[in-house]
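To keep things clear, I will list the structure first and then write my remarks on it.
2 protein chains.
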Amino acid sequence: MPRAINRCITTSEIVRWWDSEIVMHIEIVCVGSELLIGFVNTNGAFVSEKLATIGLKVAREISVGDDSAELISVLEESLRRSDVVIVTGGLGPTFDDITRNVVSKVTGKKLVLNKEQLKILKDFFVNRNYKMSKTNEVQAYILDGAEIIPNNLGTAPGQILEVANKFIVLLPGPPRELKPMTENTVIPFLKERFEKGLLKVKVLHTTGMAESTIDEKIRKIIDTERELEGSEITFSILAKHTGVDLKILVSGDDEMIIDEAIQKLKKEFYDVLGDVIYGEDNQTLESVVGDILMKKRKTLAVAESCTGGLIAHRITNVAGSSLYFKQGVVSYSEMSKKKILDVKEETLNKFGAVSEQVALEMAEGVKANINADYGISTTGIAGPKSSSTGKPIGLAFISLVSNNKKIVKQFNFTGSRAEIKDKIATAALDILRKNII
Amino acid sequence: MPRAINRCITTSEIVRWWDSEIVMHIEIVCVGSELLIGFVNTNGAFVSEKLATIGLKVAREISVGDDSAELISVLEESLRRSDVVIVTGGLGPTFDDITRNVVSKVTGKKLVLNKEQLKILKDFFVNRNYKMSKTNEVQAYILDGAEIIPNNLGTAPGQILEVANKFIVLLPGPPRELKPMTENTVIPFLKERFEKGLLKVKVLHTTGMAESTIDEKIRKIIDTERELEGSEITFSILAKHTGVDLKILVSGDDEMIIDEAIQKLKKEFYDVLGDVIYGEDNQTLESVVGDILMKKRKTLAVAESCTGGLIAHRITNVAGSSLYFKQGVVSYSEMSKKKILDVKEETLNKFGAVSEQVALEMAEGVKANINADYGISTTGIAGPKSSSTGKPIGLAFISLVSNNKKIVKQFNFTGSRAEIKDKIATAALDILRKNII
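Just so you know, the protein sequences line up as chains A and B, in that order.
Here the first sequence stands for residues 74 to 510, where the numbers follow the numbering used here.
Here the second sequence stands for residues 74 to 510, where the numbers follow the numbering used here.
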């Protein structure tokens, strides 16, 4: 059954890594009233993922407002349960940035002015031609005995404090600052002290096959019990409206065993799914298409009606795409289709703009116009209104034309206007991927 | 000083609503191991925002894995502290969907097979031509005495259970199911019992002015103490790389007082910011531009180089855009610029593709080609490599041409390739907004 967008379902019945005993207890506490009135918090996800790469598992993530009493209670409880508590946010210069003071109160460690830090802070403002406000000085106060986590992109340094064999880590809220500080300082620090084992992740991206069908095909791989010395395997499926991502997570102490396991599992997935898998890890459909075009030294032109520029936008998101992408035309009027793409008046009249025939002529036209090796086109009804000729929302034709091939495919998609644009653009890029020779 | 993307900074020094005494204690508990290994959780943000609209404030949001012992401990603590605990996720049919059983254990309420619910479940599968698996039956078990929250889009019904004057609400994890269930059942239910007061939110979207400048200009409005019978005002600023959003939140018991306060504050912001504010609430820059074009019955054509189709994509995201948007050209090669846009060979040779002169000829060309009222163009260096001619990353020229106006503007943006595309597209749409007459 189709699943909701963006939900990760751990299909695995062996979720071994997760179920393994928690040796270390780690919690993340995110501070900020905005987090509790509708703002999505990405810091917890980022930090927990980074911790997972060194085998450290987060037991809880707690969001709490800029409320001293509530934060005191949260931190006291978290510190009681945990070996490491990572606190994000509330390190700004204003009175409602309460984290420094609350942590000082909870741990009994005084806040001490750090002269070196004050100088760094002053330089930060000088370098940017800003006048430092007196209120910023509080950001140079460090908990007694804490290590400083340098922040090159903002004014709030992070801190790592050890109290009674527990660590409390303070990080600023802006993701732009928090991310490098986590990667450059916090992870290496915790890795040195606590690394439990390695975790490696392999993501396989698919498109064009329903989640239920994929689930059936991979069920056997997932259900197979495996003996893997000291290692644990987790699988997860993330269904999006343009495709399904499969995640293989293998943890253990021996990097070679982990790498071998990932290669073996990956091969099993490819064996059952074949070219439904279009890429891995950070690859996108458009980067894969770009790699193929580049390798084969072929050029591309795109004629878009219903996708309205989205295909060109995705293609040009890839650095270096100007080497193979020659031209895009968004023909949002019949005149445009006739004038630039040489779609015939009689074809438009006889079959309508959303038709197999017009899709084909659009692809032929855009290819010829700029003398590209491949021309691809889309025409369809993105909604929310169906066409005046009664063609339904989601109906789309995609055509691909090269010197020796002409393809037209029909699709019937569902969803919002934005989702339908996404799905048609993805289907077009996927047809391209499978047909460049 | 520029702030990080997506961070909400409560600039207000009077954050009164937040600081007001918490009468009711509400917590959200999100269940799912995926939430603790890198998946961003949007359910908490959604539910907390909906609760805020009826004046209910969330004190904590806790994410916890599919781990019975940990969830038992979280729920026992949350129930001790709270009047309402909302639990999301873990209502699926498999063994690692633990929420139902854990809540039964913590509250001492038995899970009872609900025959009506079982029939609904069976019908759900029949209607979709799927065979219901035996394991799905657990989803028809309801906590003794609980109210059912209907779920039209999935198999897990929600539940509302009252125990010792406290409410525990169970919702499924997929956002697509959770959202309508929250809006249609949970919020009306809690509103009837607990409504603390009203909260209304007004968002003003700006672009083209630095956050620090905006902050300076609005400082006086934010710092003004206001006597507002029974009402509380909060401001927040959300800086994104394409602009700054200002949020006014007013809560209280009297809808008329709230509405008046919002109108008054809104006027004050417009007085100091003027047309830097391009829209409100759910409006986007492209929807505002579309509204103006529609109202004035003008048509548009777009010629994009560095933005690569993004402007056309944004314009065509607006339903009904085919009424004013005639054509887009993504000219990613000199040949394309010459052929469709009639940019002169000598202009390209003399000034280079990224120049004021080429931008102007592109806008003139695309306007003339399709006989539109307005032609707009972009040419620039999106990166990550600077041009072979030594022009820097982020340099861009945007031109707008109408029957009686010709504009070219130069910009120097910073950021990643995607950010620079975004910023140039936004600047182009903003020039359009300000110049359609």
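Beta carbons are placed, not taken as given, at the ideal position from N, Cα and C, and that holds for glycine.
Predicted model only: the values in this text are computed from it and were never measured.
_Tell me the DSSP secondary structure of K130 (chain A) in three-state form._
coil
*In the DSSP assignment, what are the bridge partners of T297 (chain B)?*
DSSP, once it has assigned bridges, lists no residue as partnering T297 (chain B).
*Around the Cβ of Y405 (chain B), are there at least 16 other Cβ atoms within 10 angstroms (buried) or fewer (exposed)?*
buried
*Going straight from the alpha carbon of G162 (chain B) to that of E100 (chain B), what length do you get?*
15 angstroms
*So with Cβ pairs under 9 angstroms, would you call K507 (chain A) a contact of chain B?*
no
*Please classify N485 (chain B): does DSSP put it in a helix, a strand, or coil?*
strand
*How should E437 (chain A) be labelled, buried or exposed, when 16 other C-beta atoms within 10 angstroms of its C-beta is the threshold for buried?*
buried
*Quick one: what's got a C-beta closer than 8 angstroms to F484 (chain A)'s C-beta in the same chain, skipping five residues either side?*
G453, G467, L468, A469, F470, I471, K496, I497 and A500
_With H, G and I counted as helix, E and B as strand and the rest as coil, what does DSSP make of T180 (chain A)?_
helix
*Can you tell me whether DSSP reads Q232 (chain B) as helix, strand or coil?*
strand
_the stretch 395 to 410 of chain A: positions lying closer than 7 angstroms to chain B by Cβ_ = S395, F398, K399, Q400, G401, V402, V403, S404, Y405, S406, M408 and S409
*Beta-carbon separation (whole angstroms), V157 (chain A) vs L148 (chain A), contact threshold 8 angstroms*: The pair is not a contact, with the Cβ atoms about 13 angstroms apart (cut-off 8 angstroms).
*For the stretch 408 to 431 of chain A, which residues have a CB atom closer than 8 angstroms to at least one CB atom of chain B, in sequence order?*
M408, S409, K412 and I413
*Return no unless some Cβ of chain B is closer than 9 angstroms to the Cβ of Y203 (chain A).*
yes
*Would you list the residues sitting across from I193 (chain B) in a DSSP beta bridge?*
I193 (chain B) pairs with nothing; no bridge assigned.
*Can you find a C-beta in chain B that's less than 9 angstroms from the C-beta of N390 (chain A)?*
yes
*Who does V402 (chain B) pair with in a DSSP beta bridge?*
A:V402 and B:A376
*Residue from A:I233, A:P223, A:D169 and A:K339 whose Cα sits closest to the Cα of L191 (chain A)*: A:P223
*Whole-angstrom Cβ separation of V274 (chain B) and L319 (chain B), contact assumed at under 8 angstroms?*
About 11 angstroms separates the two Cβ atoms, so there is no contact after all.
_So, does the stretch 358 to 373 of chain B touch the stretch 502 to 509 of chain B, judging by three or more C-beta pairs under 8 angstroms?_
yes
*Find the nearest neighbour of K458 (chain B) within the set B:T487, B:D446, B:L263 and B:S151, judged by alpha-carbon distance.*
B:T487
_Positions along the stretch 131 to 150 of chain B whose CB lies within less than 8 angstroms of some CB in chain A_ = V131, A132, R133, E134, I135, S136, V137, G138, D139, D140, E143, V147 and E150
*In chain B, which residues lie less than 9 angstroms from T279 (chain A) when you measure between Cβ atoms?*
Going along chain B, no residue has its Cβ under 9 angstroms from T279 (chain A), so there is no contact; the nearest lies around 18 angstroms.
_Per-residue DSSP class, three states only, for S475 (chain A)_ = strand
*For M371 (chain B), name the three-state secondary structure that DSSP assigns.*
The residue you asked about is not Met; residue 371 (chain B) is Lys in the sequence shown. If DSSP states are grouped into helix, strand and coil, K371 (chain B) belongs with coil.
*Where DSSP assigns a beta bridge to L108 (chain B), which residues make up the other side?*
Per DSSP, none; premise fails for L108 (chain B).
*Can L383 (chain B) and I509 (chain B) be called in contact, C-beta distance under 9 angstroms?*
no
_Residue from A:D170, A:D326, A:E250 and A:V131 whose Cα sits closest to the Cα of S151 (chain A)_ = A:V131
*Cβ distance (whole Å) where D348 (chain B) is taken to contact K507 (chain B) below 8 angstroms*: 6 angstroms
*Buried or exposed by the 16-neighbour rule on C-beta atoms within 10 Å, applied to S428 (chain A)*: buried
*If you count every other CB in all the chains shown that lies within 10 Å of the CB of D296 (chain B), and 16 or more means buried, which is it?*
exposed
*Unbroken beta strand (DSSP E) runs of length 3 or more, entirely within the stretch 429 to 472 of chain B: which are they?*
447 to 453
*How would you list, in chain order, the residues of chain A whose beta-carbon sits under 7 angstroms from the beta-carbon of H386 (chain B)?*
G381, G382, L383 and H386
*asked:* Below 8 angstroms on C-beta distance, what does N442 (chain B) contact in chain A?
replied: K412 and I413
*Compare the C-beta of K458 (chain B) against all C-beta atoms of chain A and say whether one is closer than 9 angstroms.*
yes
*Taking all protein chains shown into account, decide if E48 (chain B) is buried (16 or more other Cβ within 10 angstroms of its Cβ) or exposed.*
The shown model of chain B, from 74 to 510, leaves out residue 48 (chain B), and the question about it has no answer.
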